[in-house]
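Throughout, our numbering is defined as the position within the sequence shown, counted from one, plus 5. Where is the CB? At the ideal position from N, CA and C, for every residue including glycine. To start, the structure itself, in structure tokens.
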Amino acid sequence: MWLSTRVENVDTGITTKQGPSIPIESLFYAFLRLGLFFEIMCFAGLTLISYVSTGSLMLNYHSFPEHMLQGSIPSYVSLCFFLGLVGAGKLMVFQILLADDTCFARGYVTGSKIIKVASLLDLVGKMICFVFTLQLGGTSENAIEFNTAVAQGGVEINFLTFGQVLSGIAFISYGFGFLLLELFQDEGVGNVYGYINFSSFVSAGIAILIYAISFKTSGANFIALVALMGAFIWASFFEPAVNEFSPSLGETELTNDVETQVEKFTRTSHYYNVDEQPGYTSQGSGYMQ
Numbered sequence: 006m007w008l009s010t011r012v013e014n015v016d017t018g019i020t021t022k023q024g025p026s027i028p029i030e031s032l033f034y035a036f037l038r039l040g041l042f043f044e045i046m047c048f049a050g051l052t053l054i055s056y057v058s059t060g061s062l063m064l065n066y067h068s069f070p071e072h073m074l075q076g077s078i079p080s081y082v083s084l085c086f087f088l089g090l091v092g093a094g095k096l097m098v099f100q101i102l103l104a105d106d107t108c109f110a111r112g113y114v115t116g117s118k119i120i121k122v123a124s125l126l127d128l129v130g131k132m133i134c135f136v137f138t139l140q141l142g143g144t145s146e147n148a149i150e151f152n153t154a155v156a157q158g159g160v161e162i163n164f165l166t167f168g169q170v171l172s173g174i175a176f177i178s179y180g181f182g183f184l185l186l187e188l189f190q191d192e193g194v195g196n197v198y199g200y201i202n203f204s205s206f207v208s209a210g211i212a213i214l215i216y217a218i219s220f221k222t223s224g225a226n227f228i229a230l231v232a233l234m235g236a237f238i239w240a241s242f243f244e245p246a247v248n249e250f251s252p253s254l255g256e257t258e259l260t261n262d263v264e265t266q267v268e269k270f271t272r273t274s275h276y277y278n279v280d281e282q283p284g285y286t287s288q289g290s291g292y293m294q
């Protein structure tokens, strides 16, 4: 292993030819923060629209009043879901680029996998809600019939309900994923941030699921907004630390860590101790002939 890294010029100052000639890694260093920021804008917009339109913190999609199906309100709601769709996509890219190979703790790798599932569910759920609300407020004959069915609580509303169920499951998964990422990362911010993210995201996910199933208004959007804001503060410290100690796009964690591990082995193993084993040398790993 040591010789192979030397042959590949990994441990020397020689620059390899892997990767693009133009550095692009800086473009991938903020996807977690950007994703959470777009999600914050999504739920902040939904909460604001709900409060201005109905005086509550949550729109009751299952009993849309007629005035909410007209004008620009449906367009604003669809815009909010589009921002959430973009945010979910950026969180998915963050997980794809996250260094989570076998060199890391199993809990950290598990958290990364949970984030992958959560971002996928979030992406699909936001896409369903975006497509549904995009059809509201139209003036064509089919759009008017669709609006009437939605206003009367028809089965069409189940399409949106399914999207919200996926979003609720995604938030619960985010809570578990962020918790494991924080607890099992040596360069993490602090365990308390992981527990806060877990509690807030699970609470938001349960609130969204209760709302989707019970057809009653609640403060689910506001709870989700608070959870996302807390996660954004955590990500502002967590993501830069992870980027600093993660391998670049042209490196692997194995070749980065091999020299450190060999030096650690020579310091801790008595077979490499010159004082205790006179027949061995500290300059190499073999017995002196």
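request  = Classify G3 as helix, strand or coil using the three-state DSSP reduction.
outcome  = Nothing about residue 3 can be read from this structure; the chain reaches only from 6 to 294.
request  = Give a yes or no on whether the C-beta atoms belonging to L62 and N226 are separated by under 8 Å.
outcome  = yes
key: Straight-line Cα distance separating D127 from G89   = Rounded to the nearest angstrom, the two C-alpha atoms are 9 Å apart.
task = Could you check if K95 is buried or exposed, using at least 16 other CB atoms within 10 Å of its CB as the buried criterion?
result = Looking at its Cβ environment, which holds 16 or more other Cβ atoms inside 10 Å, K95 is buried.
request  = Mind listing, in chain order, the continuous alpha helix (DSSP H) runs of no fewer than 4 residues lying wholly within the region 161-228?
outcome  = Counting whole runs of 4 or more residues, the region 161-228 contains the alpha helix (DSSP H) stretches 162-188, 196-219.
request  = Could you check if F250 is buried or exposed, using at least 16 other CB atoms within 10 Å of its CB as the buried criterion?
outcome  = exposed
key: Same chain, Cβ closer than 6 Å to F206, five either side skipped, listed in chain order   = F176, Y179, G180, A232
task = Grab the span of the alpha helix (DSSP H) containing S58 for me, first residue to last.
result = 36-59
M63 - DSSP class collapsed to helix/strand/coil = coil
request  = Locate the alpha helix (DSSP H) running through S124, then write down its first and last residues.
outcome  = Counted as a single uninterrupted DSSP element, the alpha helix (DSSP H) harbouring S124 occupies residues 111-139.
ask   = For M234, which of G195, F36, F33, A49 has the nearest alpha-carbon?
value = A49
query = For L188, which residues from the same chain have a beta carbon less than 7 Å from its beta carbon, with the 5 sequence-adjacent residues on both sides left out?
reply = Only residues of its own chain outside the window of five on either side were considered, and among them G112, N196, G199 have a CB closer than 7 Å to the CB of L188, listed in chain order.
ask   = Under 8 Å, do L51 and V82 count as touching if we go by C-beta distance?
value = yes
request  = Assign S77 to one of three DSSP states: helix, strand, or coil.
outcome  = Assignment of S77 by DSSP, reduced to helix, strand and coil, places it in the coil class.
key: Distance between beta carbons of G224 and A212, contact taken as under 8 Å   = With a contact defined as Cβ atoms closer than 8 Å, A212 and G224 qualify at about 7 Å.
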